[in-house]
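All remarks here apply to the structure that follows.
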Amino acid sequence: MMMMMMMEWKWLRFIRMAVMLLVLEGCRWCTTDACLEHERIALLHLKPFFNYQNQLQSWVEVKGSDCCKWERVECNTTTRRLIQLSLNSTRWFDNMRYDTDNRNLNAWYLNTSMFLPFEELKSLYLRGNAISGNLENEGFGKLSSTLSNLEILDLRENYLNDSILLSLSELSSLRYLDLSYNRFERSSHPRGFQWLSRLTKLETLNSRGSSLKNSILLQMRNLSSLKTLSLSGNQLGGKLLHIQELNHLANLKYLDLSWNRIESISNKDGTQLRLTNLEELDLSANLFRNNTISFPQGLSSLKSLTLSDNDLQGSLDTKGLSNLTNLKKLDLSGNQIESFQSFKDGGRKLELTHLEELNLDGNHFNTSVFASLNKLSNLKSLSIRDNGLKGSIDTKDLEAFINLRELDMRYNELKDLVIHQDSNVSSSLEEIYLDYSTLNTNILQSIGVFASLKILSLSNCGLIGPLPNQGPLSLSSALISNVSSIDISENKLQGQIPTDLSNNQLFGKVPEELITKGLLTILRLSNNNFSGNVVHVILSANGVQNLYLDGNNFSGEMTNVDVPTFEFPNSLWEIDLSNNKLHGKLPRWIGNASFLGRLAMSNNSFEGSIPMEFCKLNRLEFLDLSQNNLSGSIPSCFNPPYIEHVHLHGNRLRGPLSLAFYNSSSIVTLDLRGNNLTGSIPKWIYTLSSLSVLLLKDNHFHGKVPVELCKLHSLSIIDLSQNMFSGPIPSCLGNLSLPMQTNKILETTFYGPFIEEYETTLHFGMDSYYPTSYLEEVIEFTTKSGFYSYKGDILSYMTGIDLSCNNLTGHIPPELGNLSEIHSLNLSHNKLTGVIPSSFAKLHQIESLDLSYNNLSGEIPNQLVELNSLEVFSVAYNNLSGSIPEPKAQFGTFIENSYEGNTFLCGPILHKSCSKTDSPSTISTVSEDKGEDGLIDTYDFCVSFLVSYVVVLLTIFVVLYINLYWRRAWFSLVGKCITTCRYSNVGNFLTYHIFKRCV
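Those letters in the sequence shown? Residues -34 to -1, 1 to 965, by mature numbering (1 follows the signal peptide of the UniProt record, and there is no 0).
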């Protein structure tokens, strides 16, 4: 019996295990790595509302497609439920007519119920989508019961007003809410922010740039859970009489009131901020003065205080600052402070024993300032740029700063830095910046005492003579192992030295020790006389991220080696080989540089076609191959996903654009000037949604100017001149907003701390502000009758259209008068007809207007005299008539050549009166005089012609009569010419052939 029971027990265990295996196997087949089907369908329902310029290409209607892999979507790795949806700026420019004064042209109402299927959604980003509100009964409150996990909601840069706040107050799970740059100045609910007090978990509220006034403080008192509050860039001003309302925010750690017009943060009875947990306070760019700023003990936890760009002047009372005993970062830059002084006890010391970072840039301190700072024993970073410091600085003056890591004294008038080997800072200093001073060259001999030195910047310091053979600047020095960056550019040094050696007179080969140690991240050898094998330099640059070899004498070919992928330094992100003597074909092995972001090889002698391998440079942002001898067509596969700036001008490239650059939505600059490109501008040009600069000058493009250009809302510079375009000028070009574009400037990043987007984190590191890129975006454009190069900040503001030297016909569209931001318009050398539009009087920013060499008729509109910025104006060689504009304002500076070639124009400048009251006798006399002059001229011509003809014939006759040999040769030549003439009838045409004798 027992045996039977044991057997049954074994069978039961076996059956149980089998069932478990079946269940597990069934679960394995039931689970999937893809997202939930109903969430995928919900995303597809959202797509039509957030798919401007086809930004959601990966959102495809294919059953089974994993939406967790779609762009702008993030899922939980376990449940595969959607937890983050980023739809920032996917509808902002949906309406082509963007109007900054009335942005409702783009506004629309959101149906929030479309987000209901995403039950585990934690983060929703809807920034910059022109949302004006919600559909009726479809507000954010409808999400409260379903989206119970929603913690982050970003609604920046929309058109929302206070009416949205009530529905937002029902999202009880929110921790982060950003309402910056909306339209609360037109609120219909003056106390709308009080509704947000229902959000008991809300920790971060941003409402920057929303035109909020002082009364907003009354609505903040009940937001007790807030830890971060930003009211920067609003209309807060004067004395904040309700500042005590913020004292109810007991948990507040970060408060930003910058970029307002605040004069004081205390009310009438002297009540001030008392936020015992506040750690960061930003009051920059306000109107605080010495007598209106105070720092009470109620901010006992404050660690960071920013008072830059206010109206602090002269001696600043430090007594109040001493109350901030936990302060670690203090920014007083951009004021007019001359010294520190406590007027209560007469002291001149700044006593902040925990202070680690102090910024005094842009004030009026002198060298005695160091004495007033000598109690800052924990100071790690001191910046005192642009103060007019004169004379010399002794490291003994810095003795108290035993922990100092960074010293920045750029843009002063220092003559010398006296260095003592036994000073405390010699062992602690890691970064020294003394650029734009006038230093003694001997500083290079003594700089070796700084044993921890990592960054040294002495650019534009007037250093002359040979470099030291000993010390940390010698390649053989062991101390160089600590240095990651040295900049001694723009001096007159000679010899050898590591890192930034640009703009000196160094020659020979690049020292191998310089590039093989793997310690330097930036190496700049620009504008010297280095020569040798540039390929060897590139392949040896281990650890180097930015390599600048431009402006040297490197020569030879780069294709005589085969470079496998594994041999190319994967650290290299930026290479500049411009302005050398390299030749041959472009190296195919550059395609193996998978991490390469910026490549400049202009002004060499490269030839042949652009290698197909360049299509593999998927991280490329900047490409400059201009001013070479490249030929062939641009590879159709070349459209790197992150490419922003392309310069191929000054080559011999040919053929149509085909699919090159197709759908490159990140491209900002496309410069193809001076090639042999043909065909028309492709219809897909509108896919270049970020295009700001289009330069196609001096090619062989033909066809019409495509209306697709009008869909490029970022366009600010267009040059289609010297081509064969025909047809009318598209009137829709007048709808271009020609916006200011900062992305036209090549981005330069900096070392230093950063701030997480949704966390307020204190950083007390050392901002070195050292540029990680020396490449500069330069745009060449013809305006004001000259050829100009634009770069830097001025490039952001430059706008212009050049359609000159084509075959354009028809009238000038009056709509071009809507280009109120344009600086240059050139329509010259075409076949345009009709009148000059009077709407051009609205081109208030125009500096150069050229309509010359067309067939324009009618009068010049007098309204053009209102163009006060106009510097160059030409309507020469048209068929204009009537009086020229009154010579006042800018039109008083234009001379005769602006109007020449127009027979029927009149005015004082042209020395032709427009009066119609001339007497008949005068006219008759003039006519008779002209008639007599004409007869005399004709008679003189006939007489002189006959005399000359007779003289020539007599001369030939006399010469041939006297010289027998010449006579025989002449008649022989005439005879051969006669015998070689024959007539032939071909069809109905008579062809006359004359065979010339070869000489």
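Using N, Cα and C, we set each Cβ at its ideal position, and we do this for glycine too.
Coarse secondary structure for residue i, derived from DSSP in three states
| i | result |
| --- | --- |
| I504 | helix |
| V671 | coil |
| L195 | strand |
| D382 | strand |
| I578 | Residue identity differs from the one stated: residue 578 is Met in this sequence, not Ile. Three-state DSSP puts M578 in a helix. |
| I446 | Because the pLDDT at I446 is just 46, under 50, the model does not fix this residue reliably, and the value given afterwards should be weighed accordingly. Of the three classes helix, strand and coil, the one that applies to I446 here is helix, per DSSP. |
| I409 | helix |
| K649 | helix |
| W36 | coil |
| E832 | helix |
| V415 | helix |
| residue 999 | As displayed, the chain neither begins before -34 nor continues past 965, which places residue 999 out of reach and without an answer. |
| I209 | helix |
| F15 | helix |
| G557 | helix |
| S597 | strand |
| F254 | coil |
| S847 | strand |
| Q856 | helix |
| S818 | coil |
| S655 | coil |
| T78 | helix |
| A566 | strand |
Contact check, residue i vs residue j, beta carbons under 7 Å
| i | j | result |
| --- | --- | --- |
| C872 | S840 | no |
| S250 | S224 | yes |
| F520 | L552 | no |
| L657 | L638 | no |
| N200 | N226 | yes |
| N499 | N518 | no |
| S790 | H810 | no |
| V831 | A855 | yes |
| E245 | K285 | no |
| N213 | R240 | yes |
| A566 | S544 | yes |
| R564 | E540 | yes |
| L373 | I398 | yes |
| A8 | P83 | yes |
| Y125 | A73 | yes |
| S392 | L370 | no |
| S692 | N773 | yes |
Contacts around residue i, its chain only, beta-carbon distance under 7 Å, and the 5 residues preceding and following it disregarded
| i | result |
| --- | --- |
| S79 | E104 and K108 |
| E725 | Reliability fails at E725, whose pLDDT of 29 lies under 50, so the model's placement of it is uncertain and no value is given. |
| K962 | With a pLDDT of only 33 at K962, under the threshold of 50, the placement of this residue in the model should not be trusted; the figure read from the coordinates follows. Around K962: no qualifying Cβ. |
Contact set for residue i: own chain, Cβ-Cβ below 6 Å, skip 5 residues either direction
| i | result |
| --- | --- |
| Y377 | R351, D352 and Y402 |
| N325 | D297, S299 and S349 |
| T525 | G550, K551 and P553 |
| R93 | N54, D120, R122 and E123 |
Own chain partners of residue i with C-beta closer than 8 Å, once the 5 adjacent residues on each side are dropped
| i | result |
| --- | --- |
| S425 | D401, Y402, D453, I454, S455, E456, N457 and D466 |
| D899 | The pLDDT assigned to D899 is 42, lower than 50, so where the model puts this residue is not dependable, and the model offers no usable value. |
| L(-11) | With a pLDDT of only 41 at L(-11), under 50, the local geometry of the prediction cannot be trusted, and the value read off the model is given with reservation. Same-chain partners within the cutoff: there are none. |
| E852 | N828 and V831 |
| N292 | S266, S267, L268, K269 and H320 |
Enumerated in chain order, which unbroken segments of the alpha helix (DSSP H) with a length of 4 residues or greater are wholly contained in the region 743 to 806?
759 to 763
Cβ contact (3+ pairs, closer than 8 Å) linking the region 332 to 339 and the region 382 to 389:
no
Quick test of the definition: if touching needs 3 or more C-beta pairs under 8 Å, does the region 620 to 632 touch the region 597 to 605?
yes
Jot down the residue ranges of each uninterrupted beta strand (DSSP E) in the region 107 to 175, minimum 3 residues, whole runs only, in chain order.
118 to 120, 142 to 144 and 170 to 172
Could you tell me whether the region 682 to 695 touches the region 759 to 776, where touching means 3 or more Cβ pairs closer than 8 Å?
yes
What runs of the beta strand (DSSP E), each 3 residues or longer, lie entirely inside the region 286 to 327?
295 to 297, 302 to 307 and 323 to 325
Let me know the beta strand (DSSP E) ranges lying completely inside the region 332 to 372, each 3 residues or longer, listed in chain order.
347 to 349 and 356 to 360
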